[in-house]
Every structure is written in C-alpha cells, then in structure tokens.
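In this note's numbering, the protein residues as written are 1 to 151.
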C-alpha cells in the first residue's frame, strides 16, 4: 500500500470551501487538462454518502473509465471516495476540512495500491508516485487560484 498526503491552506470560509468540493462538476476544474477528464455520470446535486461518480480519463494517453463511490460523508468536515473501477487495485481518498484562523486547512490522504502486485510496484511505483504528486500539485495551485489564495 502506498500513501500520498497533502495539506493546503485556503483563505476562504469552511462553508464555501466544502460547498466547492460538494459539487462533482468541480472535479474537472481541479484535474490537469492532459488527463482528458470528463464526467460521464454524476448526481446533478450536491454529493452525499452513497453517490457514485463515473468519469473518463486518460492515463498516459490510454482512455479508461473510473468509478468512485462516496463511501463516507460528514457535512462540512470530511468525505471519502473509494474507487470501484479504475486504474488502481485499490484507491481510498479521504478529504478533510478544518476551519483555522483566516481560512480552511484542507487535508488529503490517498491510500492506493497498484495493479499487478509486486511487479506493478517495482516497475511502476516510482512513476505513479511522480504522476500523483504532479496531479495534486496542479490541484493545489488551482484551488488556491480559485479561492484567491495564491501568494
């Protein structure tokens, strides 16, 4: 199992930040354009526990379908998306939000496992780790620009 953790401080109110992440359409905003992200099916309302989001992405130019389940939802505090179908053998992404003086501390933790077991880890682990860091770098920068928090 691999883990990626990221903390982002956003100069905005907790309600505004959580509302942004409650809208599945905003996934496209925070995903790098090179991934060719397109929502195929998602609720036409705010997310909640039990919702599924189906989207198309490109991984190294290869088109694929990714389906995530919102497995946990604590309004204004946190939610979890769990991959049901996609490029990983396992994907569990916890999004946490906490009001702090002057804004919101957003914490992401992704626990993931590559397909093909040890072979996948040996031959692709470093590459996937680098890609995920790049995706989350883009995401963090976009979030800060969206909320006017960029320095």
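The beta carbon of each residue, even a glycine, is placed where N, CA and C say it ideally should be. All values reported here derive from a predicted model rather than from experimental measurement.
Can you tell me whether residue 133 is buried or exposed, with buried defined as 16 or more other CB within 10 angstroms of its CB?
Looking up residue 133 in the chain shown gives position 133. The residue is exposed, with fewer than 16 neighbouring Cβ atoms inside 10 Å.
Does the segment 11 to 21 touch the segment 51 to 67, meaning 3 or more C-beta pairs lie closer than 8 Å?
no
Distance between beta carbons of residue 78 and residue 93, contact taken as under 8 Å:
As a first step, residue 93 is located in the chain shown; it is residue number 93 there, counting from the start. As a first step, residue 78 is located in the chain shown; it is residue number 78 there, counting from the start. Residue 93 to residue 78, Cβ: 11 Å. No contact.
Pairwise C-alpha distance: residue 12 and residue 113
Here residue 113 is taken as the residue at index 113 of the chain shown, counted from 1. Here residue 12 is taken as the residue at index 12 of the chain shown, counted from 1. For residue 113 and residue 12, the distance between alpha carbons rounds to 33 Å.
By the three-class DSSP mapping on this structure, what secondary structure does residue 151 have?
Position 151 of the chain shown, counting from 1, holds the residue named residue 151. Because residue 151 carries a pLDDT of 49, less than 50, the predicted location of this residue cannot be relied on, and the following value inherits that uncertainty. Correct three-state label for residue 151: coil.
For the beta strand (DSSP E) holding residue 9, just list the boundary residues, first then last.
Taking the chain shown and counting its residues from 1, one reaches residue 9 at position 9. Here the beta strand (DSSP E) through residue 9 covers 2 to 10.
Would you report the Cα separation of residue 8 and residue 97, rounded to the nearest angstrom?
On the chain shown, position 8 is the one that residue 8 refers to. On the chain shown, position 97 is the one that residue 97 refers to. Between residue 8 and residue 97, the C-alpha separation is close to 10 Å.
With 16 as the cutoff for other CB atoms within 10 Å, does residue 40 come out buried or exposed?
Locating residue 40 in the chain shown gives position 40, where the first residue counts as 1. It counts as exposed.
Would you kindly work out how many angstroms separate the C-alpha atoms of residue 44 and residue 82, rounded to a whole number?
Your numbering for residue 44 matches position 44 in the chain shown. Your numbering for residue 82 matches position 82 in the chain shown. The alpha-carbon atoms of residue 44 and residue 82 are separated by roughly 20 Å.
Per DSSP, cross-strand counterpart(s) of residue 37:
As a position in the chain shown, residue 37 is number 37, starting the count at 1. Bridge partners of residue 37: none, in fact.
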